[in-house]
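Heads up: the structure comes next, in structure tokens.
In the numbering used here, the protein residues as written are 83 to 372.
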């Protein structure tokens, strides 16, 4: 029993001794590692050397430009030289643009009046246009502003060419109406009407710097006028409904159409352009231009 006890005691002492030695070695190793980590790195000094080229013995000495003396004004005088615009100084505004204007067209010649007096198609179409040109030529220059405008008359001319009635239907400018009426009163003697009967028509006179009475075209004047439209389904609610038949369009006889085409005048270039613009404005579509 004593031998086994001694063995256990010896084993315990040996184990404790080994643990103490192991812990001591580990602590020493950790201490050395900390010292190596905390040790500052040795500083290094870097030196840059610049080698300058040597100047040859026979080289001429370099002359430096002499210093230029600058005359500087004192701060007080410099401040006095600066001119500050006053707050009440007037600012020059750009001048207003000149108003747009359009001169009166030339009066129709005697030849144009003679041709108009011999044209009876479409309610004396050429006579009516020439009459409007005569009135506009006597109204003067149209200037952009409050006096510009449009006036529409209902006119009646006797078979011999004298004025019977001048009625204002509407107007957008009192000045335009006054000038147009004055021009009608002072018009020269007119030729007889083409049909030999009283000529009644409505005419719009434009007194504006950007619009004028466009020249008409005559190539469609031999075509008969389409019949007036009447609603075939109209019903007053009391009388029995009656079906309304639309009248057929008139057709000219071949000989009459041939004679009519012979008296058609040549359309002007301006008239063709004005006709195309009217058709485009009436039937054009913004969707087609995309």
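Glycine included, every Cβ here is placed at the ideal spot set by N, Cα and C.
Keep in mind that this is a model prediction, so the values were computed, not measured.
- Thinking just about the alpha-carbon of each residue, which of 260, 245, 281 and 348 is nearest to the one in residue 269? Residue 245 is the option with its Cα nearest to residue 269.
- Item | Buried versus exposed call for residue 250 [16 or more other C-beta atoms within 10 Å across all chains shown] | Exposed, because fewer than 16 other Cβ atoms sit within 10 Å of the Cβ of residue 250.
- Contact under 8 Å by Cβ, residue 285 with residue 195: Contact annotation: residue 285 and residue 195 have beta-carbon atoms that are not nearer than 8 Å.
- Message: Using only CA atoms, which one of 189, 344 and 226 lies nearest to residue 182?
- Response: Looking at the Cα atoms, 226 is the closest of the given residues.
- Item | Top-ranked residue by Cα proximity to residue 289, from 184, 310 and 91 | Of the candidates 184, 310 and 91, the one whose C-alpha sits nearest the C-alpha of residue 289 is 184.
- Task: Check each candidate in 258, 266 and 261 and name the one with the smallest Cα separation from residue 247.
- Result: Answer by Cα proximity: 266.
- Query: How big is the Cα-Cα spacing for residue 315 and residue 326?
  - Reply: Straight across, the Cα-Cα distance linking residue 315 with residue 326 is about 7 Å.
- Message: Please return the same chain residues whose Cβ sits closer than 6 Å to the Cβ of residue 234, not counting the five positions on each side in sequence.
- Response: Answer for residue 234: 251, 252 and 286, listed in chain order.
- Three-state class that DSSP yields for residue 245 in the structure shown: The answer is strand: DSSP assigns residue 245 an E or B state.
- Item | Assumed close pair residue 291, residue 243 - CB separation to whole angstroms, cut-off 8 Å | At roughly 31 Å, the Cβ-Cβ gap does not stay under 8 Å, so residue 291 and residue 243 are not in contact.
- Is it right to say residue 201 is buried, meaning 16 or more other beta carbons lie within 10 angstroms of its own, or is it exposed? Here residue 201 is buried, its C-beta having at least 16 other C-beta atoms within 10 Å.
- Task: Whole angstroms is fine: what's the gap from residue 338's alpha carbon to residue 257's?
- Result: Cα-Cα distance, rounded: 46 Å.
- To which residues does DSSP link residue 281 through a beta bridge? Looking at the DSSP assignment, residue 281 forms a beta bridge with 239.
- Item | Given residue 232 as reference, the closest of 240, 293, 216 and 186 once Cα atoms are compared | Closest by C-alpha distance to residue 232, out of 240, 293, 216 and 186, is 293.
- Item | Residue range of the unbroken alpha helix (DSSP H) whose run includes residue 260 | Segment 256-267, the alpha helix (DSSP H) holding residue 260.
- For residue 259, is the classification buried or exposed, using 16 other Cβ atoms within 10 angstroms of its Cβ as the cut-off for buried? With 16 or more other Cβ atoms from the protein chains shown falling within 10 Å of its own Cβ, residue 259 counts as buried.
- Kindly give me the distance between the Cβ atoms of residue 240 and residue 216, rounded to whole angstroms, as I take these residues to be in contact under 8 Å. Incorrect: roughly 17 Å between the Cβ atoms, too far for contact.
- Following the continuous alpha helix (DSSP H) through residue 218, name the residue where it begins and the one where it ends. Here the alpha helix (DSSP H) through residue 218 covers 203-219.
- Query: Got a sec: does the ligand SAM put a non-hydrogen atom nearer than 7 Å to the Cβ of residue 203?
  - Reply: For the ligand SAM, the structure offers nothing, since it holds no ligand at all.
- Can you list, in chain order, the residues of its chain whose CB lies under 7 Å from that of residue 299, leaving out five sequence neighbours each side? So the qualifying residues of the chain are 349, 353, 354 and 357.
- Task: Using three-state DSSP, classify residue 289 as helix, strand or coil.
- Result: Here DSSP, grouped into helix, strand and coil, assigns residue 289 to strand.
- Name the DSSP beta bridge partners of residue 231, please? Residue 231 pairs with 289.
- Message: Given this structure, state the Cα-to-Cα distance separating residue 95 from residue 88, to the nearest angstrom.
- Response: Those two C-alpha atoms are separated by around 11 Å.
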